[in-house]
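Asks: I have a structure here, written as structure tokens, and I will follow up with some questions on it.
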Amino acid sequence: MGDETVRRRVLILSASMGSGHDGVATELAARLAAEGADTEIMDVLRMLPLRLGPALRRGYRWMILHAPWLYDVIYQVFFVGKRAGGTSPLTALAAPRLRRLVAARAPDEVVSTFHLAAQLTGRLRERGGLPCPSTVLVTDFAVHRLWLHRGNDLYLCPNPGVIGEIAARTGRPALHCAPVVRPEFARAGAFSGGMAGSGAAAGAGGVPGSGGAAGSDSGERFVLVSGGSWGVGEVIATARTLARSGRYTPLVLCGDNTGLRRRLRAAGLGPGLGWRDDVPELMAAAYALVDNGCGLTCEEAFAAGLPVVIHRPISGHGRDGARAMARAGVSLHTVTASALLAALDLLRDGRSGQGQAGRAAALFSAMPAEAGLISAPRASRYGSG
């Protein structure tokens, strides 16, 4: 059968820092597999020796949960500081394992969905240690220094506002791509009529898994509150603000943070929800999403047509992401309780929410990320005609 049986091989480098990077990697792998490619996802943290990867993840999680000020200092100095080095020293530790993996797998392309992976592939590519093309799929709306390395071949990013900056700082091509989210969220948006939560239909049938406590036939407006997969940030204060308003009912997505669920219940703000398979359905029924991480959950809401308010974002990349999304007009950014309620009230007439949701939906008119890859078959390359 000759060369027609040769399947494209794509190695995707992610990181288990929360679930957003892995979520993008998993969806990209599924799309590539549907096109007939062989894909493999590797956690870049596993390439670090002496169990440094798990230690790095535990340290980051502890800072985000208990000492966000410390993470903010690290972010300001090493991620965006003008005097910070060009390449993370961790790349030298992970490079030998990536070289061995590439030699064994012989991929046609390596795709990075985490900034340390982008640094690693850029370093190897620049020094001749990576024979195949390297593409960086940026998963943050705001792009910091550690995403960018001149050794990589191509950058894909869901925020069109930073494409020029990426190209200028790396000297490499940078393309706007649609956010990489599961198709279930777009279908949920279509089911809800283009703007989830608008009108009385938002409450019909209740909210899955809420025991009927929110979104009942009364037209009560329930608001999804998310602190990411680790349940970080001032989530309880946000839920309390919504509940005390008398206008909105909070439903908190707690991820794997069981302690947060207990505290919510003790405060009379439960039931907090753990890991869910029906988030698309929740978004289809919700009035809005209040988030603090500016990651994959926001992009899923964009696909579902659900208005997003970033409230009191987490330190570092969270704050930068909130500002970037607000500048793009795809979400609102608030800091005080009164501003949060005012932003949610602004959505009630539909015009503000529809405008925001429309700008967010327009992000998905860009090329799919899989079509922009260097190894994509010519017939499937975006705009190849």
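If you're matching positions, the sequence shown starts at 1 in this note's numbering and goes up one per residue. For glycine and all other residues, C-beta sits at the position ideal for the given N, C-alpha and C. Remember, it's a predicted structure, so these values are computed and weren't measured experimentally.
Please go through the region 310-350 and give each complete beta strand (DSSP E) segment of 3 or more residues, from N-terminal end onward.
Replies: You should have 332-334.
Asks: Quick test of your reading: Gly272 and Leu282, contact by CB under 8 Å. State the CB separation rounded to the nearest angstrom.
Replies: Actually they are not in contact, since the Cβ atoms of Gly272 and Leu282 sit about 13 Å apart, beyond 8 Å.
Asks: Would you kindly report the start and end of the unbroken alpha helix (DSSP H) that includes Tyr248?
Replies: Segment 248-253 is the beta strand (DSSP E) holding Tyr248; no alpha helix (DSSP H) there.
Asks: Quick check on the DSSP output: what are the complete beta strand (DSSP E) runs of length 3 or more inside the region 69-125, in order along the chain?
Replies: Listed in chain order, they are 109-112.
Asks: Quick check on Ala288: does DSSP put it in helix, strand or coil?
Replies: Looking at Ala288 - three-state DSSP - the assignment turns out to be strand.
Asks: For Leu224 and Cys132, what's the separation of their Cα atoms in angstroms?
Replies: Rounded to whole angstroms, Leu224 to Cys132 spans 42 Å at the Cα level.
Asks: Per DSSP, which residues does Leu224 bridge with? Please list them.
Replies: According to DSSP, which records beta bridges pairwise, Leu224 is partnered with Leu251, Leu289.
Asks: With Glu40 as the anchor, note down where its alpha helix (DSSP H) starts and where it stops.
Replies: That residue, Glu40, is in no alpha helix (DSSP H); its beta strand (DSSP E) goes 38-43.
Asks: What residues in its chain sit with their C-beta under 7 Å from that of Leu98, if we drop five residues either side in the sequence?
Replies: Contacts found: Met47, Leu120, Leu124.
Asks: Less than 7 Å between C-beta atoms, sequence neighbours within five positions excluded: which residues of the same chain meet that for Val232?
Replies: Result list for Val232: Ile64, Leu65, Ile314, in chain order.
Asks: Mind the definition here: the region 34-46 touches the region 7-24 only if three or more C-beta pairs lie below 8 Å; say whether that holds.
Replies: The answer is yes - the region 7-24 touches the region 34-46, with three or more Cβ pairs under 8 Å.
Asks: Mapping the DSSP letters down to three states, classify Leu48 as helix, strand or coil.
Replies: Three-state result, Leu48: coil.
Asks: Exposed or buried, what is Thr356 when buried is set at 16 or more other beta-carbons lying within 10 Å of its beta-carbon?
Replies: This sequence places Gln at residue 356; Thr is not what is there. Buried, by the Cβ-count rule.
Asks: Rounded to whole angstroms, what's the CA-CA distance from Gly270 to Tyr248? Just pull it up for me.
Replies: If I take the Cα positions, the gap works out to 14 Å.
Asks: Whose CA, out of Gly246, Gly329, Thr336, Ala360, lies closest to the CA of Glu299?
Replies: The candidate whose alpha carbon is nearest that of Glu299 is Ala360.
Asks: Check each candidate in Met42, Leu242, Val77 and name the one with the smallest Cα separation from Ser338.
Replies: The candidate whose alpha carbon is nearest that of Ser338 is Leu242.
Asks: With DSSP as the reference, please indicate the residues paired to Arg262 in a beta bridge.
Replies: Partner(s): none; Arg262 has no beta bridge.
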